[in-house]
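**Student:** Got a structure for you, questions after.
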Amino acid sequence: MRDTHASSADLSGSCLKEELLKEKLLKPARDIRSILRWGYSKFSTIRFVADHFQLSLEERYILTRVIMPPDRIVSRINKKVACTGIKDRDLLLDGYNVLLSVDSLIKKEPMWFCDDGYIRDTRYYFSKAKQAEDIEEALNAVLKFLSETGPKSVIFLLDAQISRSGELAGFIRHKMKEYGISGEARTSKIADFELKTEGGNPEKKIVLATSDGIVIDSALNVLDIPACLMEKMGIEPIRLY
């Protein structure tokens, strides 16, 4: 298992790198937001500004994750549920989205505060499958949080198309029993569709845990678990302001 305890020198170097990256992206981010206010397309605007500043693929991806069109911001923020607001409620987790984000947090990867109010990492834009094996510590952190906040039931939904998802679902079920959490973990070949359908059903009143913007747009109530854990740990996200 990978050692996640960084030395002071490692942390210092990481913080410096994050500060330099933030400084480099502040001006492009401001320019993109200004153009978006005029109604231009997000992706074409980011491409135009990124080309002007000669940004790398990773830097462009960060801007794509962080910056949101004005018409998305208010609606997404209004869907957020407080970290203490899930007691006795049914919770549906976008499994890989939540676990991999928390894994990034634990491994001290950059965590970004996005324009729509949600926390996102930028570590997994190449392949989820390559990174989905060593997330037991992240799972424990999520389950500990859930055991303390008291949802009525919890469902972890995993994308069946990612390798070993069935095995992971079984492991999650085992760990849920250890923590005394009622619910299940299962896979789905249409995970995103299920998340949007269940999360957007007004009769079920399910709270959806995810930071996937497309899924959030279809949901009614959304919990940002990485943000809750960061608040508890006293960790500040990177803000492009």
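In full-length UniProt numbering, the protein residues as written are 1 to 241.
Even glycine gets a Cβ: it sits at the ideal position worked out from N, Cα and C.
(1) Consult DSSP for Arg37 and reduce its assignment to one of helix, strand or coil.
(2) State yes or no: is the C-beta of Leu168 within less than 9 Å of the C-beta of Ala138?
(3) How many Å lie between Ile46 and Leu195 at the Cα?
(4) Name the two residues that bound the continuous beta strand (DSSP E) containing Ala209.
(5) Among Ser182, Phe53 and Arg89, which has the Cα closest to the Cα of Gly25?
(6) Decide yes or no for the touch test of the segment 53 to 66 against the segment 79 to 92: beta carbon pairs closer than 8 Å, at least 3 of them.
(7) Taking 8 Å as the threshold, find out whether the segment 148 to 162 comes into contact with the segment 172 to 183 through three or more Cβ pairs.
(8) Measure the C-alpha to C-alpha separation of Val207 and Gly200 and round it to an integer number of angstroms.
(9) Reducing DSSP to helix, strand and coil, say where Leu55 ends up.
(10) Can you give the Cα-Cα distance for Val81 and Asp51, rounded to whole angstroms?
(11) Would you identify the three-state DSSP class for Ser153, choosing helix, strand or coil?
(12) Given a cut-off of 9 Å, decide if Leu220 and residue 252 are closer than it, judged by their beta-carbon atoms.
(13) CA-CA distance, Tyr110 and Lys152?
(14) In angstroms with no decimal places, state the Cα-to-Cα distance between Lys205 and Leu20.
(15) Of the choices Glu136, Val74 and Pro70, whose alpha-carbon is the least far from that of Leu99?
**Tutor:** Taking the structure as given:
(1) Coil, per DSSP.
(2) Taking a C-beta distance under 9 Å as the contact criterion, Leu168 and Ala138 do not qualify as a contact pair.
(3) Looking at the two C-alpha atoms, the distance is approximately 28 Å.
(4) Bounds of the beta strand (DSSP E) holding Ala209 are Val207 to Ala209.
(5) The residue you asked about is not Gly; residue 25 is Leu in the sequence shown. Closest in C-alpha terms to Leu25, from the list Ser182, Phe53 and Arg89, comes Phe53.
(6) The segment 53 to 66, when compared against the segment 79 to 92, does not touch it at the 8 Å Cβ threshold.
(7) Yes, they touch.
(8) Pairing Val207 with Gly200, the inter-Cα distance amounts to about 9 Å.
(9) Reduced to three states, the DSSP call for Leu55 is coil.
(10) The alpha-carbon separation between Val81 and Asp51 amounts to approximately 37 Å.
(11) In the structure shown, Ser153 adopts extended strand secondary structure according to DSSP, grouped into three states.
(12) Residue numbering for the chain in the displayed model covers 1 to 241; residue 252 lies beyond these limits and cannot be assessed.
(13) Here the sequence assigns Pro to residue 110, which means Tyr is not the residue at that position. Cα-Cα distance, rounded: 32 Å.
(14) Whole-angstrom Cα-Cα distance: 43 Å.
(15) That would be Glu136, whose Cα lies nearest to the Cα of Leu99.
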